[in-house]
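Protein chains in written order, with this note's numbering: chain A, 1 to 244; chain B, 1 to 244.
For every residue, glycine included, the Cβ atom is placed at its ideal position computed from N, Cα and C.
Contents: one structure, followed by commentary.
2 protein chains.
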Amino acid sequence: MAYALFYWPGLQGRGEFVRLALEEAGASYIDVARGAEGHGLGVAAMMKILKSKTESNIPFAPPFLKDGDLVIAHVANILMYLGPKLGLAPKEDSLRYVANGLQLTIMDMVTEIHDSHHPIASRLYYEDQKDAAKARAAEFIQHRMPKFMSYFERLLTRNPSGNTQIVGDSLTYVDLSLFQLIEGLTYAFPRAAKKKFSDYPALLALRDTIRVRPAIARYLASARRIPFNESGVFRHYPALDHDA
Amino acid sequence: MAYALFYWPGLQGRGEFVRLALEEAGASYIDVARGAEGHGLGVAAMMKILKSKTESNIPFAPPFLKDGDLVIAHVANILMYLGPKLGLAPKEDSLRYVANGLQLTIMDMVTEIHDSHHPIASRLYYEDQKDAAKARAAEFIQHRMPKFMSYFERLLTRNPSGNTQIVGDSLTYVDLSLFQLIEGLTYAFPRAAKKKFSDYPALLALRDTIRVRPAIARYLASARRIPFNESGVFRHYPALDHDA
Chain A
1 MAYALFYWPG LQGRGEFVRL ALEEAGASYI DVARGAEGHG LGVAAMMKIL
51 KSKTESNIPF APPFLKDGDL VIAHVANILM YLGPKLGLAP KEDSLRYVAN
101 GLQLTIMDMV TEIHDSHHPI ASRLYYEDQK DAAKARAAEF IQHRMPKFMS
151 YFERLLTRNP SGNTQIVGDS LTYVDLSLFQ LIEGLTYAFP RAAKKKFSDY
201 PALLALRDTI RVRPAIARYL ASARRIPFNE SGVFRHYPAL DHDA
Chain B
1 MAYALFYWPG LQGRGEFVRL ALEEAGASYI DVARGAEGHG LGVAAMMKIL
51 KSKTESNIPF APPFLKDGDL VIAHVANILM YLGPKLGLAP KEDSLRYVAN
101 GLQLTIMDMV TEIHDSHHPI ASRLYYEDQK DAAKARAAEF IQHRMPKFMS
151 YFERLLTRNP SGNTQIVGDS LTYVDLSLFQ LIEGLTYAFP RAAKKKFSDY
201 PALLALRDTI RVRPAIARYL ASARRIPFNE SGVFRHYPAL DHDA
């Protein structure tokens, strides 16, 4: 049976980290909230689960994955579940905890990227918190982004199995998430990326090799890949971008 | 061999969620950074791992756990690893993903609690970002805290195995983390808690039963339990607290 992925339509957001793994593996999945309501899909089908008055296991927020009766919430949790099934997890059990730890660090960075444009309230518009956003984005570009990026660069170059993947000896979902992270940051902060990203040659090389993997290249060229836009996590607001 | 827990000394912080599980289970562990440097412990021992120039698997930040050669970072990852070993995870595999999803929601809330006093920069003092903190804390108290708390209350009361634990039919690390969350919020925001927490009777009852569990009660009365203070995640700044 196909996996059912539930995430807001119209933006890549956190759902994209899951989509990239499903696409790389060629897995059969339904992107439920992007489907037609007439076919029992759409946002209504997602809200039905989130607002259920009887279900015991309901997620706090999208994305979540349904595999049969099992409902799994949070990107890192979904990827830890899917990784071995999709051939995108390290083979060794101990390395799976390393992969999950790395994915959680990526998700922490994603939260900081989100908060760079929404430092006060997710519920309100960016325009309502623009001054705080400028301060937080400056902090992010100058301090946090280099801290995270140099960490990932360090781990990638130190992988005893080679720097074509960050953990173990084969591609994992963590590499796909790093690809998305670099693409997203380059979209959101082009000036900062231009100034700073040459410090991370191994990460850039990883990004380049993933971009041309056949399944990923097909996906990126398809209508299934939503373009980056100012509804997602990675938003390009020129007022927030500057030379690092 | 004893587990080695690595976390900043002098504050409960995120490390406390791991400590509570180790204490409830009566596990043998060393709280490394709180030990004496003369014995090869202390912050120096923690920094040695974080700043290693050769290790391939280094954590981004504390807390992390060392079990033999395995180094595991991030609270939810550590608890997912320890849970089954300590008898604090659901027995069913599928429920372990539910537990991990709940723990990740708790950790997301913890980040929001941290950011209520540090909305712009973790690196700087609260006093340097007080105006933004007031705005973010007001948002947290009015919108985010009720959203998270009513979610946990809903799941707790809907657990088909009874509302004395949030997942499955026995106590798990998630229950211990909920205890810590409620204790911490009550410390940080006493006015908001007084006004609002009676809306969550099942959570309060869970908190009360965990507080008197023998191993937890002994721990809370011991010097191993660091008191809440204004270095941790849960900080009591009267300027940020108000009636919900």
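Classify Asp31 (chain A) as helix, strand or coil using the three-state DSSP reduction. strand
With DSSP as the reference, label Ile72 (chain A) as helix, strand or coil. strand
Is Ala132 (chain B) closer than 7 Å to Pro119 (chain B) when the C-beta atoms are compared? yes
Which bits of chain B does Phe60 (chain A) rub up against, with CB to CB less than 7 Å? Thr105 and Tyr151
Neighbour-count burial assignment, Ala192 (chain B), 16 or more Cβ in a 10 Å radius: buried
What in chain A is Cβ-close to Asn77 (chain B), meaning under 7 Å? Tyr97, Asn100, Gly101 and Leu104
If I measure Cβ to Cβ from Ile58 (chain B) and keep anything under 7 Å in the same chain, skipping five residues before and after, which residues do I get? Ile49, Leu50 and Ser52
Given Arg14 (chain A) as reference, the closest of A:Leu206, A:Ile216, A:Ser177 and A:Ala205 once Cα atoms are compared: A:Ser177
If you draw a straight line from the alpha carbon of Thr111 (chain A) to that of Arg136 (chain B), how long is it in whole angstroms? 15 Å
Would you mind giving the Cβ-Cβ distance between Lys66 (chain B) and Ala138 (chain B), rounded to the nearest angstrom? I have them listed as a contact below 8 Å. Not quite, the Cβ-Cβ distance comes to about 40 Å (not below 8 Å), so this is no contact.
Do we get a CB-CB distance below 7 Å when we pair Asn57 (chain B) with the residues of chain A? yes
Which of the three DSSP states, helix, strand or coil, is assigned to Phe17 (chain A)? helix
Beta carbon of Ile166 (chain A) nearer than 7 Å to that of Gln12 (chain A): no
Measure from the alpha carbon of Gly26 (chain A) to the alpha carbon of each residue in A:Asp241, A:Glu230, A:Pro214 and A:Val233, then state which is nearest. A:Pro214
For Ala205 (chain B), would you say it is in contact with chain C, using Cβ-to-Cβ distances shorter than 7 Å as the test? In the displayed structure, chain C is absent; the protein chains listed are A and B.
Quick one: is His245 (chain B) buried, meaning 16 or more other Cβ sit within 10 Å of its Cβ, or exposed? Since the first and last residues shown for chain B are 1 and 244, residue 245 (chain B) lies out of range.
CB Phe179 (chain B) to CB Ile210 (chain B), shorter than 7 Å? yes
How would you call Pro63 (chain B), buried or exposed, if buried means at least 16 neighbouring beta carbons within 10 angstroms? buried
Do you know offhand how far Tyr173 (chain B)'s Cα is from Leu102 (chain B)'s? 10 Å
CB of Ala2 (chain B) within 7 Å of CB of Ser28 (chain B), strictly: yes
Chain B within 7 Å of Ile49 (chain A), Cβ atoms only: no
Is there at least one Cβ from chain B nearer than 7 Å to Glu139 (chain A)'s Cβ? yes
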